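Number of protein chains: 2
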Amino acid sequence: MMRFRLTLEYDGRGLMGWQRQAHGPSVQEAVEQALFAISGEATTVHSAGRTDAGVHASAMVAHVDLNRPFTPFRLMEALNARLRQAGARIAVLEAEEARADFHARFSCIGRAYEYRIVCRRAPLTFEAGLAWRVPRPLDIEAMAEGASHLVGRHDFTSFRSVHCQAASPVKTLDLLEVEAIGDRVVIRARARSFLHHQVRSMVGALVHTGLGRAPPAMVRAILEARDRQLLPGNAPPDGLWFTGALYPQ
Amino acid sequence: MMRFRLTLEYDGRGLMGWQRQAHGPSVQEAVEQALFAISGEATTVHSAGRTDAGVHASAMVAHVDLNRPFTPFRLMEALNARLRQAGARIAVLEAEEARADFHARFSCIGRAYEYRIVCRRAPLTFEAGLAWRVPRPLDIEAMAEGASHLVGRHDFTSFRSVHCQAASPVKTLDLLEVEAIGDRVVIRARARSFLHHQVRSMVGALVHTGLGRAPPAMVRAILEARDRQLLPGNAPPDGLWFTGALYPQ
Numbered sequence: 001m002m003r004f005r006l007t008l009e010y011d012g013r014g015l016m017g018w019q020r021q022a023h024g025p026s027v028q029e030a031v032e033q034a035l036f037a038i039s040g041e042a043t044t045v046h047s048a049g050r051t052d053a054g055v056h057a058s059a060m061v062a063h064v065d066l067n068r069p070f071t072p073f074r075l076m077e078a079l080n081a082r083l084r085q086a087g088a089r090i091a092v093l094e095a096e097e098a099r100a101d102f103h104a105r106f107s108c109i110g111r112a113y114e115y116r117i118v119c120r121r122a123p124l125t126f127e128a129g130l131a132w133r134v135p136r137p138l139d140i141e142a143m144a145e146g147a148s149h150l151v152g153r154h155d156f157t158s159f160r161s162v163h164c165q166a167a168s169p170v171k172t173l174d175l176l177e178v179e180a181i182g183d184r185v186v187i188r189a190r191a192r193s194f195l196h197h198q199v200r201s202m203v204g205a206l207v208h209t210g211l212g213r214a215p216p217a218m219v220r221a222i223l224e225a226r227d228r229q230l231l232p233g234n235a236p237p238d239g240l241w242f243t244g245a246l247y248p249q
Numbered sequence: 001m002m003r004f005r006l007t008l009e010y011d012g013r014g015l016m017g018w019q020r021q022a023h024g025p026s027v028q029e030a031v032e033q034a035l036f037a038i039s040g041e042a043t044t045v046h047s048a049g050r051t052d053a054g055v056h057a058s059a060m061v062a063h064v065d066l067n068r069p070f071t072p073f074r075l076m077e078a079l080n081a082r083l084r085q086a087g088a089r090i091a092v093l094e095a096e097e098a099r100a101d102f103h104a105r106f107s108c109i110g111r112a113y114e115y116r117i118v119c120r121r122a123p124l125t126f127e128a129g130l131a132w133r134v135p136r137p138l139d140i141e142a143m144a145e146g147a148s149h150l151v152g153r154h155d156f157t158s159f160r161s162v163h164c165q166a167a168s169p170v171k172t173l174d175l176l177e178v179e180a181i182g183d184r185v186v187i188r189a190r191a192r193s194f195l196h197h198q199v200r201s202m203v204g205a206l207v208h209t210g211l212g213r214a215p216p217a218m219v220r221a222i223l224e225a226r227d228r229q230l231l232p233g234n235a236p237p238d239g240l241w242f243t244g245a246l247y248p249q
């Protein structure tokens, strides 16, 4: 048996998210079906993050065990050919042999997300479903100030979905930066792990501030209240991208 | 009657290009139909460039005359609502009142294109149809050197489609730059006007050089030969984007 580490890119539009679901297509199901087609083995693919419906990945890390011998390159090529044939907007960017104790989820010590916003009146064409369109200009400095209150170790109860299954609401946010490039705003977040909906909840609060509906200090007040009721609302899944997973060494 | 200048973004996938065609959907037809729906007027929309099938625009400039009074903002909003309703991946980014002597095509003194390449083995997901996937690394310095031979005033017969209707093959290429950003390569071209297929022909020759199949000096040799037979082949339309039109003042 050999363990492989895969780096995947996927377009979340029309998908139920990473995890296998009874009621619709998922990334996990598509990749497991492609693996079965090329190896005849019914396997489980484990990923660094389980993204929600409509969320994308530019570099999701996953691992899988296979008995049939493949070189990493042949595995990547065969999987991509099969995924393409199946019409899936999923691609394997890299495949490599992994140690038997490597686990895409449990070995992961850092996760990075990007949230993409386009500020304009016109509907999105190329980025429909891939970014959040905000029809008014955003105050980037206010958003950056709001973001600064969230960086560090905090109880993120206010930024957590009611369905979150994490044992503790305390997380350490290593990075939350806001960058404007023309009419685009990118928010980058990095942490060892995130609570369910945490990034979308934080972005929702930052955009609220960016639109001038609340001062940046309100972000701190929401955090300190530990009360999800105070949150102005989540950002939609469209703009959320899983951009990287970090492992020891 | 009032003349409006429009800045349009469109996704060329599935379209026959800018110009109205009997055998398939075009940008011109979609915009003229939307204009008819909101004004009841059968008008002709003129554009700075007539992009081919499968070619995209991030900022195409066009003009149209309407009798029914609209403010530019209401025209943009109504057109976008209608285009969206029709399922067109076309958006009006800007609308403004134009002088009666402004003509999107004939007043235009500069056109800019971008050609997008992604160097990787894996099939494209997000950028399928929006970039040219080249499965091997490109030698950017060789491509830049090849490009330098094309900048300036030359007879571009070798880089011209047999269907080109321009009176003269002599054009002045103001810019042809090659930039690598990670696994992406962007080639930017700027000129007063281009011959039919000129950008795709130039990119085809540069990629040939970038793959090491010919030295950069071959680009000059092809140019000087004034013989299209020497051209290694056009780049596909997928990666071509019309990115801007320049007007006096």
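Those protein sequences? They're chains D and L, same order as listed.
Under my numbering, the first residue of the first sequence carries the number 1, and numbering increases by one thereafter.
Under my numbering, the first residue of the second sequence carries the number 1, and numbering increases by one thereafter.
In this text, a Cβ means the ideal position worked out from N, Cα and C, and glycines have one as well.
Note that the structure is a prediction, hence the values are computed from the model and not measured.
| Check | Outcome |
| --- | --- |
| Between the beta-carbon of L/Glu127 and the beta-carbon of L/Arg116, is there less than 9 angstroms? | yes |
| Near L/Ala100, what residues of its chain come up, given a Cβ to Cβ distance below 7 angstroms and the 5 sequence neighbours on each side ignored? | Arg3 |
| In this structure, how does DSSP classify D/His63 when only helix, strand and coil are distinguished? | strand |
| Tell me where the beta strand (DSSP E) around D/His154 begins and ends. | Gly152 to Asp155 |
| Where are the alpha helix (DSSP H) runs, 4 residues long or more, that stay fully inside the region 172–244 of chain L, in chain order? | 198–210 and 217–225 |
| Could you give the residue range of the beta strand (DSSP E) that holds L/Ala167? | Counting along the chain, L/Ala167 falls outside any beta strand (DSSP E), and DSSP gives it neither H nor E. |
| Would you kindly check if the distance between the Cβ of L/Phe102 and the Cβ of L/His264 is under 9 angstroms? | Within the shown structure, residues of chain L are numbered from 1 to 249, placing residue 264 of chain L beyond reach of any answer. |
| So is L/Arg120 in contact with chain D if we call contact Cβ pairs under 9 angstroms? | yes |
| Between which two residues does the alpha helix (DSSP H) carrying D/Met76 extend? | Pro72 to Gln85 |
| Does the pairing of the region 28–43 of chain D with the region 77–94 of chain D give three or more beta-carbon distances under 8 angstroms? | yes |
| Kindly list, in the order they appear in chain D, the residues whose Cβ is closer than 7 angstroms to that of L/Pro123. | Asn80, Arg84 and Ala91 |
| Measuring CB atoms only, is the region 230–249 of chain D touching the region 139–156 of chain D, in the sense that at least three cross pairs come out at less than 8 angstroms? | no |
| For D/Tyr113, list the residues DSSP reports as bridge partners. | D/Ala189 and D/Phe242 |
| Would you tell me roughly how many angstroms separate the C-alpha atoms of D/Ala225 and D/Ser193, rounded to the nearest one? | 22 angstroms |
| Is there a Cβ of chain D sitting closer than 9 angstroms to that of L/Met60, yes or no? | no |
| Applying a beta-carbon distance threshold of less than 7 angstroms, which residues of chain L neighbour D/Tyr10? | Thr125 |
| Any beta-carbon of chain L closer than 9 angstroms to the one on D/Glu97? | no |
| So, helix, strand or coil for L/Leu124, using DSSP? | coil |
| Return the CA-CA distance between D/Ser161 and D/His196, expressed in angstroms with no decimal places. | 6 angstroms |
| Residues in the same chain with beta-carbon distance under 7 angstroms from L/Ile222, minus the five sequence neighbours each way, listed in chain order, please. | Ser158, Ala205, Leu230 and Leu231 |
| Return the first residue and the last residue of the alpha helix (DSSP H) that D/Val27 is part of. | Val27 to Ser39 |
| When the Cα atoms are used, what is the spatial distance from L/Pro72 to D/Pro216? | 35 angstroms |
| With a threshold of 9 angstroms between beta-carbons, can L/Ala128 be considered close to chain D, or not? | yes |
| Against chain D, does L/Glu32 count as a neighbour if the rule is that its beta carbon must be under 9 angstroms from one of theirs? | no |
| For L/Met308, which three-state DSSP category applies? | An answer regarding residue 308 of chain L cannot be provided, because it is not within the stretch 1 to 249 covered by chain L. |
| With DSSP as the reference, identify every bridge partner of L/Leu8, one or two as the case may be. | L/Met60 and L/Val92 |
| Excluding sequence positions up to five away, which residues of its chain have a Cβ less than 8 angstroms from the Cβ of D/Gly239? | Tyr115, Arg116, Ile117, Leu130, Ala131, Trp132 and Val203 |
| Quick check on D/Met76 - is its C-beta less than 9 angstroms from some C-beta in chain L? | yes |
| Using 9 angstroms as the threshold, is the C-beta distance between D/Ala104 and D/Ala189 below it? | no |
| Look at the alpha carbon of D/Thr243 and the alpha carbon of L/Phe70, and state the distance between them as a whole number of angstroms. | 44 angstroms |
| Tell me whether D/Gly146 sits in a helix, a strand or coil according to DSSP, three-state version. | helix |
| In whole angstroms, what is the alpha-carbon distance linking D/Val92 and D/Val55? | 17 angstroms |
| Give the single residue among L/Gly14, L/Arg184 and L/Leu8 whose Cα lies nearest to the Cα of L/Ala53. | L/Gly14 |
| For D/Ala95, count the other beta carbons within 10 Å of its own beta carbon; 16 or more makes it buried, fewer makes it exposed. Which is it? | buried |
| Looking at chain D, is there any beta carbon in it that lies within less than 9 angstroms of the beta carbon of L/His56? | yes |
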